[in-house]
Amino acid sequence: MKALKSIAALLILTASSVALAEGGSDRLHGQMIQANEQAMRAYAAANGKNEPEVTHYRYGMKLDVAKVISVTSNRGSCDVMPAQMNYEDSTGKLNILEYRTSGIGCRGQN
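Residues -21 to -1, 1 to 89, numbered by mature numbering (1 follows the signal peptide of the UniProt record, and there is no 0), are exactly what the sequence shown covers, in order.
This is the structure in structure tokens:
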């Protein structure tokens, strides 16, 4: 029984490392970004607003943020990852700002 548990644990560790080596975290972040954009399209439709366009942040960019609607999570990883902030500007237009941030899921790492 112990041998079976050891083999199962080894297979799980191997499978997870292969998934990450094949860009598993990149796929996960991509799915998160797509889900966020889909949710914002639904939010826009429900509130009678135009669909937001994705703007990629550039250093020094001037932002007009009147109301933050939501921000994607950065808890799932310790890596630098894409994130999005959904907001309304002072004219009421919906916007999605995409930027890079470091994850805060760094257990036991200094």
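Just so it is clear, CB atoms sit at the ideal spot from N, CA and C, and this is done for glycine as well.
For residue j and residue i, believed in contact at Cβ under 8 Å, the rounded distance
i   : j   : result
Y38 : Y78 : The Cβ separation is near 10 Å, so there is no contact.
Run of the beta strand (DSSP E) containing residue i, from where it starts to where it stops
i           : result
A65         : Correcting the residue type first, residue 65 is Asn in the shown sequence and not Ala. First-last of the beta strand (DSSP E) with N65: 59 to 67.
residue 120 : Any question about residue 120 goes unanswered here, given that the chain covers just -21 to 89.
residue 121 : Residue 121 lies beyond the range of the chain shown here (-21 to 89); nothing can be said about it.
E32         : 32 to 35
Cutoff 6 Å; reference residue i; Cβ partners in own chain excluding five residues on either side
i   : result
G82 : N53, S56, C57, D58, M60
N65 : M19, I48, S49, I75
K28 : L73
Pair within 8 Å by beta-carbon distance, residue i and residue j
i   : j   : result
T51 : N15 : yes
V44 : D68 : yes
T34 : A62 : no
Other residues of its chain near residue i: CB distance less than 7 Å, five sequence neighbours each side excluded
i   : result
R40 : A quick correction: the sequence has Met, not Arg, at residue 40. Nothing listed; no residue qualifies.
E30 : R20, A23
K46 : Y66, E67
Near the ligand MN: residue i beta-carbon under 7 Å from a heavy atom
i   : result
R79 : No copy of the ligand MN appears in this structure; indeed no ligand is present at all.
Residues of its chain near residue i, where Cβ-Cβ distance is below 8 Å and the 5 sequence neighbours each way are ignored
i   : result
E32 : N74, I75
C85 : C57
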